[in-house]
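Engineer:
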Amino acid sequence: MELNYGEEGFALSLGNWLTKRNQNAMVMGSGFASVKTRYFSKSDTEETKINKTKTRTLNPPYFIYLLSRQFLSLLWIIKILSINREIKIKLIHVIDTGYAGMAAIIAGKILKIPVIVDSHGIRHRSLAQILKGRFSKILLKFEYNMEIFTLRNADSVLGKNPEIKDYYEKLLGKTVEYIPNPLKLKTYVFSQTDRDLFRKKLGINDQTKVVGFVGRLSPEKNLSTLLNSFTEVVRDNSLLKLVLVGIGSEESHLKEEVRRQHIEDKVIFCGHRTDISRILSAFDIFVLPSYTEGMSSALQEAMSCGCAVICSDIPANRVLISHDKEGLLINPYNSLELSDAIRLLATDDSLRAKLGNNAKIKVSEYDEDIVFSKILHHYSTLMKKKVT
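All the letters of the sequence shown, read from the start, carry residue numbers 0 to 387 under numbering that gives the first Met the number 0.
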């Protein structure tokens, strides 16, 4: 499955950026029981990178997922070795500390080339939010040991925020580089035209304030709390809509809760979209109530569009947001705190404008030309060390 946000979007953007600077780049990912490979060339355009086919999600029991990942890891290794016979691979940059990371490490050892493992989050902590049941401790231990194996054998480890860097440095006893998520600033710019068109398409009038979320509909995103908080606020303020953009395992549960609360006319599920920059212009408030994050691309994109932000008070978000300056920080376990924040921003136009403007200024530090230049320099340094 390919999406254009998160790790997938990062890989595609980096591949494009490198190619435009005369670097040969290839992106590999998993499809449905298969490995997909994409070569980049100078003739590729941004539009050709977007997969417009229907996206499908599967949510099998975790042990079946685990077995499928092990099978795919073998396919990844075989694919990397096969590609290397035709085009010599000089370096592998893997954006995963799990199965893809393990496959990259093994392939790198065989080919004797450097491997960078890029962590967008602390994987075993995220899994602890998901894995439940009688075998959860055994599965978590297995996943944890695999993650540590991958990170310890990497030639370089990158962390997307200072918390990840500090955590893994203490755990591994080795240096971890902090390189944040990049953002193509010129793509995420507020547009009144887009705002009007998208709101009209969804049947939202000018007086209604839109509370929005973009990302995976998965447990760690804490969307049940967002839904509960929104339900509380909308009972007092009917001029509100909640727009959820994305797909994931929590979708059916969230839809059922919307029906149970009888707020079907107040919540819109948009599914998977590739026009996020346009959708963000239609939002008045962007909410990210996650329990855990690496560094959220969706949050950066919302900031770039000048959205007023409410997000969970966790280390990854505090890198981007200072409370009452670029946004409002809330306890992700406290639905009343989130309700109060939504209520405040829905009624205070000047505060929304102030937070949105400050957020746009802050996120300019993360433009992809700045961040990707650091990554390219890191590649060069690492390959020189490997040769010597």
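Quick reminder that beta carbons are idealized off the backbone N, C-alpha and C, glycines included.
Work out the CA separation of Leu216 and Lys111 for me, nearest whole Å.
Structural biologist: Spanning the two alpha carbons is a distance of roughly 39 Å.
Engineer: With Leu157 and Ser118 assumed to form a contact (beta carbons below 8 Å), what rounded beta-carbon distance in angstroms separates them?
Structural biologist: About 7 Å; that satisfies the 8 Å criterion.
Engineer: Kindly indicate the opening and closing residues of the beta strand (DSSP E) around His123.
Structural biologist: First-last for His123: Arg122 to Ile129, but that is the alpha helix (DSSP H), not the beta strand (DSSP E).
Engineer: If the criterion is Cβ atoms closer than 9 Å, does the pair Gly14 and Ala24 meet it?
Structural biologist: Yes.
Engineer: Just checking, does the region 274-281 make contact with the region 91-101 on the three C-beta pairs under 8 Å criterion?
Structural biologist: Because the criterion of three Cβ pairs below 8 Å is not met, the region 274-281 and the region 91-101 do not touch.
Engineer: Can you give the beta carbon distance from Glu367 to Leu182, rounded, assuming they're within the 8 Å contact cut?
Structural biologist: Confirmed, Cβ separation roughly 6 Å.
Engineer: Quick check: what's the CA-CA separation for Phe229 versus Leu287?
Structural biologist: Straight-line Cα distance between these residues: approximately 13 Å.
Engineer: Using a 10 Å radius around the Cβ and a threshold of 16 neighbouring Cβ atoms, would you call Thr96 buried or exposed?
Structural biologist: Flag for Thr96 reads buried.
Engineer: DSSP state of His271, grouped into three classes?
Structural biologist: Coil.
Engineer: In whole angstroms, what is the alpha-carbon distance linking Ser289 and Arg198?
Structural biologist: Roughly 26 Å separates the two Cα atoms.
Engineer: Is the separation between the beta-carbon of Val161 and that of Met382 shorter than 9 Å?
Structural biologist: First, the residue type needs correcting, since residue 161 is Pro and not Val in the sequence shown. Contact flag unset, no.
Engineer: Run through the region 126-193 for me and flag every whole alpha helix (DSSP H) of 4 or more residues, listed as ranges in chain order.
Structural biologist: Fully enclosed alpha helix (DSSP H) runs of 4 or longer: 135-151 and 161-171.
Engineer: Along the alpha helix (DSSP H) that carries Ser338, what are the first and last residues, could you check?
Structural biologist: First-last of the alpha helix (DSSP H) with Ser338: Ser334 to Thr346.
Engineer: Identify the continuous beta strand (DSSP E) that holds Ser118 and give its terminal residues.
Structural biologist: That run of the beta strand (DSSP E) goes Val114 to Ser118.
Engineer: Given a cut-off of 9 Å, decide if Ala106 and Ile86 are closer than it, judged by their beta-carbon atoms.
Structural biologist: No; because the gap between Cβ atoms is not below 9 Å, this pair is not in contact.
Engineer: By how many angstroms is the C-alpha of Lys108 removed from the C-alpha of Cys269?
Structural biologist: Computed Cα separation, rounded: 43 Å.
Engineer: Measuring only the C-alpha atoms, how far is Ser223 from Ser251?
Structural biologist: Approximately 12 Å between the Cα atoms of the pair.
Engineer: Evaluate Ser338 with the Cβ neighbour count: other Cβ atoms within 10 Å of its Cβ, from every protein chain shown; 16 or more gives buried, anything less gives exposed.
Structural biologist: Buried is the call here.
Engineer: Since I believe Leu241 is in contact with Val266 (beta carbons under 8 Å), could you give me their beta-carbon distance rounded to a whole number of angstroms?
Structural biologist: Right, the Cβ-Cβ distance comes to about 5 Å (below 8 Å), so this counts as a contact.
Engineer: Return the chain-ordered list of same chain residues with a C-beta closer than 8 Å to the C-beta of Met145, the five sequence neighbours on each side being excluded.
Structural biologist: Within the same chain, Met145 has close Cβ partners Gly97, Tyr98 and Met101.
Engineer: Can you check the region 264-308 for any beta strand (DSSP E) of at least 3 residues that lies completely inside it and give the ranges in chain order?
Structural biologist: Entirely contained in the region 264-308, the beta strand (DSSP E) runs reaching 3 residues are, in chain order, 266-270 and 284-287.
Engineer: Smallest Cα separation from His271: which of Ile246, Asn83 and Lys385?
Structural biologist: Closest by alpha carbon: Ile246.
Engineer: Classify Thr346: buried if its beta carbon has 16 or more other beta carbons within 10 angstroms, exposed otherwise.
Structural biologist: Exposed.
Engineer: Would you mind stating whether Ile284 and Val209 have Cβ atoms separated by less than 9 Å?
Structural biologist: Going by C-beta atoms, Ile284 is nearer than 9 Å to Val209.
Engineer: Which one of Glu336, Asn221, Ala358 and Arg68 has the shortest CA to CA distance from Val318?
Structural biologist: Ranking Glu336, Asn221, Ala358 and Arg68 by Cα distance to Val318 puts Ala358 first.
Engineer: Would Ile88 pass as a contact of Ile94 if the rule is Cβ separation under 9 Å?
Structural biologist: No, the Cβ-Cβ distance between Ile88 and Ile94 is not below 9 Å.
Engineer: Is it true that the CB of Phe282 sits closer than 9 Å to the CB of Cys310?
Structural biologist: For Cys310 and Phe282, no; Cβs fall outside 9 Å.
Engineer: Buried or exposed: where does Phe371 fall if 16 or more other Cβ atoms within 10 Å of its Cβ makes it buried?
Structural biologist: Phe371 is buried by the Cβ-count criterion.
Engineer: So, helix, strand or coil for Glu6, using DSSP?
Structural biologist: Glu6: helix per DSSP, three-state reduction.
Engineer: For Phe212, which three-state DSSP category applies?
Structural biologist: Correct three-state label for Phe212: strand.
Engineer: I'd like to check one pair, Ile115 with Ser72: are the Cβ atoms closer than 9 Å?
Structural biologist: Not a contact, by the Cβ cut-off of 9 Å.
Engineer: Are Met27 and Thr18 close, meaning C-beta to C-beta below 9 Å?
Structural biologist: It is not a contact, given that the beta carbons lie outside the stated cut-off.
Engineer: Who are the Cβ neighbours of Asp193 in its own chain at under 6 Å, not counting the five residues just before and after it?
Structural biologist: So the list reads Arg277 and Ser280, once near-sequence residues are dropped.
Engineer: Determine the closest residue to Asn330 out of Asn221, Ala297, Ser295 and Gln69, with distance taken between C-alpha atoms.
Structural biologist: The candidate whose alpha carbon is nearest that of Asn330 is Asn221.
Engineer: Closer than 7 Å by C-beta to Tyr365: which residues in its own chain qualify, once you throw out the five before and the five after it? Chain order, please.
Structural biologist: The answer, listed in chain order, is Pro179, Asn180, Pro181, Leu182 and Gln299.
Engineer: Would a C-beta distance cut-off of 9 Å place Lys164 and Tyr177 closer than the cut-off?
Structural biologist: Closer than 9 Å, so yes.
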